[in-house]
Amino acid sequence: MASNFFTGKRTISWIGCGTQSFFFLMLGMSECLILTLMAYDRYVAVCNPLRYPIIMSHRFCMHMVLGCWIGGSVSSFIHTVYPMHFPICGSREIHHFFCEVPVLIKLSCEDTSVYQLVVVVTSIVLLVVPFSLITASYTLIFFAVFRMNSVKGRKKTLATCSSHLTVVSLFFGPNIFIYMTFTSSHSAEQDQALSVFSNILTPMLNPLIYSLRNKEVVAALKKLMGK
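For the sequence shown, counting from 1, position 188 maps to 188 in full-length UniProt numbering; every step adds exactly one.
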């Protein structure tokens with residue numbers, strides 16, 4: 001994308017398109033699973049603080065993160081190779097900023113409804129299930145927070161969780177809409193807008209969202225806004 005932007009080139013090879021799609025899916029799926037793991041980490045820290053060092057050991061965390069990357073890589077490989085074998089009878093022009101599975105499906109001249117159903121089912125496993133686990137984790141966290149006697153402790157715990165919840169909302173919202181609906185149900189313009197939001201704006205906002213817990217960063221922002 002950066003190369004095309006600076007050179008003015010608007011073409012990409014079929015292999016390059018597949019490579020781009022693979023890494024895009026791998027990073028997205030892995031992030032989805034890692035966000036779920038982070039929610040579990042917060043659940044253990046709030047609801048089982050005394051057992052936290054035992055449950056969330058270094059070995060356990062390493063295995064879980066490795067599992068997230070392996071799971072994301074395997075799933076993205078399957079969903080990259082399979083659509084690349086669909087026959088293309090018409091134009092090879094992609095009305096998008098980069099190669100993505102819903103866009104590649106639209107290029108095919110054969111019926112892809114079965115594969116689109118597979119994409120929806122995969123999205124349920126990799127988007128809805130993790131999102132449900134995150135929701136369940138934070139539901140238990142909120143119950144634990146409301147049972148706290150210390151108001152200061154409640155505020156501190158909620159502030160710790162708020163940044164992760166914001167990132168989860170920004171990540172899962174657009175992706176659930178894109179991948180859990182058939183490609184015919186939304187326009188190319190909607191895909192482009194959601195992709196820009198999910199893949200450009202959200203990563204740009206993530207460092208700021210997590211940094212808002214830092215008192216020095218908050219003080220600097222207040223000073224900047226005051227000017």
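Note that the Cβ used here is the ideal one computed from N, Cα and C, for glycine as well. As the structure is a prediction and not an experimental result, all values here were calculated from the model.
Expected contact under 8 Å - CB spacing of residue i and residue j to nearest Å
i: G67; j: M26; result: Incorrect: roughly 14 Å between the Cβ atoms, too far for contact.
i: Q20; j: F98; result: 6 Å
i: V168; j: I209; result: In fact, because the Cβ distance is near 11 Å, the residues do not count as touching under 8 Å.
i: I141; j: C47; result: 7 Å
i: S75; j: L127; result: In fact, because the Cβ distance is near 11 Å, the residues do not count as touching under 8 Å.
i: T82; j: Y115; result: Looking at the sequence itself, residue 82 is Tyr, so the reference to Thr does not match. Their Cβ separation, rounded to whole angstroms, is 7 Å, which keeps Y82 and Y115 in contact under 8 Å.
i: S30; j: E100; result: About 16 Å separates the two Cβ atoms, so there is no contact after all.
Among the options, nearest to residue i - alpha-carbon criterion
i: T157; options: T11, L37, Y43; result: Y43
i: I88; options: I105, E100, V129, S211; result: I105
i: T36; options: T122, F177, F171, V101; result: F171
i: V65; options: V101, H85, C32; result: C32
i: T80; options: A45, S30, C17, F197; result: C17
i: T11; options: I178, I134, E93, V168; result: E93
i: N175; options: C161, F60, P102, C109; result: P102
i: residue 232; options: I78, I34, S132; result: Examination of residue 232 is not possible in this model, given that the chain is present from 1 through 227 alone.
i: G28; options: I15, S198, K223; result: S198
i: P130; options: F24, M38, I70; result: M38
Start-to-end residues for the alpha helix (DSSP H) that takes in residue i
i: R51; result: Where R51 is concerned, there is no enclosing alpha helix (DSSP H), given that its DSSP letter is neither H nor E.
i: R154; result: 151 to 179
i: S211; result: 202 to 211
Could you tell me which whole alpha helix (DSSP H) segments of length 4 or greater appear in the segment 85 to 133?
Within the segment 85 to 133, the runs of alpha helix (DSSP H) at least 4 residues long that lie entirely inside it are, in chain order, 101 to 107, 113 to 123.
Does the pairing of the segment 113 to 123 with the segment 135 to 154 give three or more beta-carbon distances under 8 Å?
In short, these stretches do not touch, since the Cβ pair count stays below three.
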